[in-house]
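Visitor: What the sequence shown shows, in my numbering, is residues 27 to 480, in sequence order. Cβ coordinates follow ideal geometry from the N, Cα and C atoms, glycine included.
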Amino acid sequence: MISRWRGRRKQIVRTRFVKVKRGQAAPVTQQETDPATGFLTRPAFRRVLDQVVDSAHTTSQTVGLCVFDLDDFRVLNDTHGVAAGDSYLKGLASTLVDFLPKGTVISRIGGDEFAVVLPGLEPSRAKPFGDDMARFLRDFAPTMDNRSLQLTASVGIAVFPEHALRASDLLLAAERALDEAKERGRARAQVVDPLQKSRDRTGILRNQLDRVREALANDRFIPVYQPIVDISSGRIVSVETLCRLREDDGRLVSPDQFMDAAERFGFVTDIDRRIIALAIEALVVNKKRIAPDLELSLNLSGLDFEDDSLVADISRLVRTKGIHPGRITFEITETAAVRDLKRVQNFIAALAAEGFRFALDDFGIGFSSFRYLREFPLGSVKFDQSYVRSLVTQEENRIFVRGIVSICKGLHIRTVAEGVETHDVVKILKELGVNRAQGYLFGFPSPTLPMPKP
Ligand code: C2E
Ligand code: CA
Ligand code: CA
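Laid out in structure tokens, this is it:
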């Protein structure tokens, strides 16, 4: 069934596309290919896409860009193990190379996200191609340990010049289409929505991107600090550092206005480096006024783990500033961790060896695999705020939290509740044995570090 269809697909694809040798647009080095799949890494892919689109401007050729995301790849990793995930990817990579026209540029642009450049794709062929791609990915079902590993994929497609004129906009448009395919129920293909909605979204991201670039150039990113209290004593024991963009009029803009673009375009690590440096500096400068053991939490993004010099830079900074690494906790989310588990583990191990601590952020939403409690040397687990707020009404969630608290106690992991806004929630948290709480009830994020009560 698959092979019959694949044969048909190949014919259609091959006669319709102008072939581009992988890496033809720019020399690609070995470091620029992903070891698991042999596909281009995101930065190398961006370069190739830029050049393909540039040359399409002069030849008036169309260029299709197809991005796809494996639905539930994380679940496959969680339930069958990372080795199964890797083996799935390897198998998929070689089958995909057969399926696509020879020499097509393919890239792994994220943990479970891929991009394919299709020179010569006519806009009218975009949807049929996307449907074929979604079907191909659904039908790919390798067997491992007598079990068939089958996933679906969501596919987004955009075509130059129909949907965007610049390579970066083309990628944005295809990713937006991908988001829509997911919103519509996943396991399907979506071509860029010519309706306003997607243009709005692209416009918003463009504005955000301009804002991020400008803010980095002019040092506008600053840290604010929100207190974290010990529930039994009520004492402020720590602060979470959150980043803000400071406007000329002094207004502080929240991450939801810029983080999306910062992450998509790879600027988040620059922001995080700045925030980390400023927060550490604040600990030093305010040394005499703050509690000497005040702890500091810093958020890391998935992209930070790809920055090979970040670990060394953080260690050096903290050492030269005379801050004990045990006072610093890095908050990571599961979503960031699953992008490249091995890399994240190495990153964490290197900093943990120096005495830094780690917190698993936003626990309770998503898949919340217990696996991370064992695989990472965690100092704390932070329950997500939507989850925390639900405790008043949802008995199952209280049962879940009680269970996690007991597991964490056994593993010497501290539990922290976020988004605590009412005394009712505090009462429940106390009953459940949660150690720390953070939320508007105890303090809003503020540019100044909290002083100890006299
Ligand atoms: P997060 O790490 O889960 O941070 C907690 C968010 O909850 C913060 O939003 C905080 O202001 C908000 N919050 C705290 N207490 C309450 C409460 O009682 N009620 C409600 N409704 N909200 C509360 P914020 O500052 O807008 O940050 C949003 C997200 O942006 C953060 O979520 C984090 O994922 C990301 N982020 C913030 N700063 C940084 C940073 O420096 N680096 C990175 N990579 N990400 C950051
Ligand atoms: Ca956080
Ligand atoms: Ca959180």
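So, using beta-carbon positions, are F481 and I354 closer together than 7 Å?
Guide: Residue numbering for the chain in the displayed model covers 27 to 480; residue 481 lies beyond these limits and cannot be assessed.
Visitor: Using alpha carbons as the reference points, say which of I454, D236, V337, P281 lies closest to R424.
Guide: The option with the nearest alpha carbon to R424 is I454.
Visitor: Can you list, in chain order, the residues of its chain whose CB lies under 8 Å from that of R48, leaving out five sequence neighbours each side?
Guide: Confidence at R48 is low in this model, with a pLDDT of 37, below 50, so its placement is unreliable and the value that follows should be read with caution. Excluding residues within five positions, the ones whose Cβ falls inside 8 Å are V54, L66, G129, T130, V131, I132.
Visitor: In or out: A89 buried (at least 16 other Cβ within 10 Å) or exposed?
Guide: Residue identity differs from the one stated: residue 89 is Val in this sequence, not Ala. The residue is buried, with at least 16 neighbouring Cβ atoms inside 10 Å.
Visitor: Distance check for Y398 and R342, CA to CA, integer angstroms please.
Guide: Looking at the two C-alpha atoms, the distance is approximately 28 Å.
Visitor: DSSP on K45, reduced to helix/strand/coil?
Guide: Summary for K45: the model assigns pLDDT 37, below 50, so the residue's position carries little reliability; its value from the coordinates is reported in the next sentence. Correct three-state label for K45: coil.
Visitor: For ligand 2, any of its heavy atoms closer than 6 Å to the Cβ of D330?
Guide: Checking the Cβ of D330 against ligand 2 gives no.
Visitor: To which residues of the same chain is T441 closer than 6 Å at the C-beta, ignoring the five residues directly before and after it?
Guide: For T441, where only same-chain residues beyond five positions count, the Cβ hits under 6 Å are V407, V431, C434, V460, N461.
Visitor: Is it true that the CB of L324 sits closer than 7 Å to the CB of T267?
Guide: The answer is yes: Cβ separation under 7 Å.
Visitor: Starting from the C-beta of L304, find all residues in its chain whose C-beta is less than 7 Å away, skip the five residues before and the five after it, and write them out in chain order.
Guide: Same-chain partners within the cutoff: I248, P249.
Visitor: Please determine whether the Cβ atom of P471 lies at a distance below 6 Å from any heavy atom of ligand 1.
Guide: P471: yes, Cβ under 6 Å from ligand 1.
Visitor: For S174, which beta-bridge partners are listed by DSSP?
Guide: Bridge partners of S174: T169.
Visitor: Could you tell me which whole beta strand (DSSP E) segments of length 3 or greater appear in the region 237-289?
Guide: List check, beta strand (DSSP E) in window: 247-256, 262-272.
Visitor: Is any heavy atom in ligand 3 found nearer than 6 Å to the beta carbon of E444?
Guide: Checking the Cβ of E444 against ligand 3 gives yes.
Visitor: Please list, in chain order, all residues of the same chain as D157 whose beta carbon is under 6 Å from its beta carbon, the five residues on each side excluded.
Guide: A215.
Visitor: So, helix, strand or coil for Q50, using DSSP?
Guide: In this prediction, Q50 scores a pLDDT of 43, lower than 50, which makes its location untrustworthy; no coordinate-derived value is stated.
Visitor: Would P480 and P253 be called neighbours here (beta carbons separated by less than 7 Å)?
Guide: The answer is no: Cβ separation not under 7 Å.
Visitor: Below 8 Å, can you find three or more Cβ-Cβ pairs linking the region 320-336 to the region 362-375?
Guide: They touch, by the three-pair rule.
Visitor: I'd like to know whether the C-beta atoms of K153 and V217 end up nearer to each other than 7 Å.
Guide: Against a cut-off of 7 Å, the Cβ pair of V217 and K153 comes out as a contact.
Visitor: Which of the three DSSP states is assigned to D388 in this structure?
Guide: It is a strand residue.
Visitor: From the beta carbon of R299, is the nearest beta carbon of chain C less than 7 Å away?
Guide: Protein chain content of the structure displayed is limited to a single chain, and chain C is not contained in it.
Visitor: Measure the Cβ-Cβ separation of P149 and V185 and say whether it is below 7 Å.
Guide: Yes; because the gap between Cβ atoms is below 7 Å, this pair is in contact.
Visitor: Grouping DSSP H, G and I as helix and E and B as strand, with all else coil, what is S86?
Guide: It is coil, neither helix nor strand.
Visitor: Once the 5 residues before and after T121 are set aside, which same chain residues still bring their CB inside 7 Å of it?
Guide: Same-chain partners within the cutoff: F166.
Visitor: Once you ignore the five residues that flank M170 on each side, which residues in its own chain have a CB closer than 8 Å to its CB?
Guide: Here the set comprises H106, A110, S113, Y114.
Visitor: Would you report the Cα separation of H449 and L467, rounded to the nearest angstrom?
Guide: Taking the straight line joining both Cα atoms gives about 8 Å.
Visitor: If you count every other CB in all the chains shown that lies within 10 Å of the CB of I262, and 16 or more means buried, which is it?
Guide: So I262 counts as buried.
Visitor: How is the alpha helix (DSSP H) around E360 delimited, first residue to last?
Guide: Counting along the chain, the alpha helix (DSSP H) containing E360 begins and ends at 360-364.
Visitor: Let me know the secondary structure DSSP gives L96 once reduced to three states.
Guide: Strand at L96.
Visitor: By DSSP, does P154 sit in helix, in strand, or in coil?
Guide: P154 falls in the helix class under three-state DSSP.
Visitor: How should L437 be labelled, buried or exposed, when 16 other C-beta atoms within 10 angstroms of its C-beta is the threshold for buried?
Guide: Looking at its Cβ environment, which holds fewer than 16 other Cβ atoms inside 10 Å, L437 is exposed.
Visitor: How long is the line joining the alpha carbons of R239 and V79, rounded to whole angstroms?
Guide: About 23 Å.
Visitor: Alpha carbon to alpha carbon, how far is A62 from V123? Give it in angstroms, no decimals.
Guide: One C-alpha to the other measures close to 14 Å.
Visitor: Relative to the C-alpha of D410, which candidate in F402, V446, A160, S194 has its C-alpha closest?
Guide: Of the listed residues, the one whose Cα sits closest to D410 is V446.
Visitor: Can you name the residues that DSSP bridges to K180?
Guide: In the sequence as presented, Lys is not what sits at residue 180; that position holds Ser. Per DSSP, D95.
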